[in-house]
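One structure is given here, and the rest of the page talks about it.
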Amino acid sequence: SVTQRFCLAILQKMSVKEEIVEELHRQEFQLWLLNLLVRATKKSSLTSQTRNSGEPSPGENGGSSSEIHVFCLDFSSALLANILHSYQVLDSLERNPRMLSDIMSRLLNLLKEAIPTSVLIHLLICLSYLSKERFSQQLE
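What the sequence shown shows, in UniProt numbering, is residues 1 to 140, in sequence order.
Have a look at this one:
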């Protein structure tokens, strides 16, 4: 929705402030962002399967589109990169290997999906933040 786009854009712009990033992390917002990206890739693959089968996809013939707008994907992945760039967040993830492993797995799985180039770049940036020497155990 348009509201979601505006909210994500505002949060992404605010995420340059460390206090905002810390609060987003405390609220586990990075997991919500990952869920949004995963949900978008699932809907995208369903839509392409429908198109290949010759059936009308959501949004065609008067139906409502359930696809997540590319703007939301771009700003979500950029916001995720900003969150994962924070030293406090990285310290917290180092103390929480289960969450770190979950985030890394989801990021790696998203790389296999058909995603916009800008989102792919943001996800690779996220993985580069998590590929530091201190996370070597989780990478294995």
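Note that beta-carbon positions come from the ideal geometry of N, C-alpha and C, so glycine has one too.
* Since Ile121 is in the alpha helix (DSSP H), which residue starts that stretch and which ends it? -> Locating residue 121 in the sequence shown gives position 121, where the first residue counts as 1. Per DSSP, Ile121 belongs to the alpha helix (DSSP H) from 117-130.
* Considering only the beta carbon of each residue, do Ala81 and Cys126 sit closer than 7 angstroms? -> The residue labelled residue 81 in the question sits at position 81 within the sequence shown. The residue labelled residue 126 in the question sits at position 126 within the sequence shown. Going by C-beta atoms, Ala81 is nearer than 7 angstroms to Cys126.
* Buried or exposed (CB count within 10 angstroms, at least 16 for buried), Val119 -> Along the sequence shown, read from residue 1 onward, the residue named residue 119 stands at position 119. The residue in question, Val119, is buried, as its Cβ has 16 or more Cβ neighbours within 10 Å.
* Give me the Cα-Cα distance between Leu73 and Met14, rounded to the nearest whole angstrom. => Position 73 of the sequence shown, counting from 1, holds the residue named residue 73. Position 14 of the sequence shown, counting from 1, holds the residue named residue 14. Their backbone Cα atoms lie some 17 angstroms apart in a straight line.
* To do: State buried or exposed for Ile115, treating a residue as buried only when at least 16 other CB atoms are found within 10 Å of its CB.
  => Here residue 115 refers to the residue found at position 115 of the sequence shown. Counting Cβ neighbours within 10 Å, Ile115 comes out buried, since at least 16 surround it.
* Can you give me the start and stop residues for the alpha helix (DSSP H) that Lys13 sits inside? => The residue you call residue 13 lines up with position 13 of the sequence shown. Element bounds for Lys13: 2-14.
* To do: Could you spell out the range, first to last residue, of the alpha helix (DSSP H) harbouring Phe71?
  => For the purposes of this step, residue 71 is identified with residue 71 of the sequence shown, where counting begins at 1. That run of the alpha helix (DSSP H) goes 70-84.
* To do: Note down the Cα distance separating Arg26 from Leu37, rounded to an integer number of angstroms.
  => Within the sequence shown, the letter at position 26 stands for residue 26. Within the sequence shown, the letter at position 37 stands for residue 37. The alpha-carbon atoms of Arg26 and Leu37 are separated by roughly 20 angstroms.
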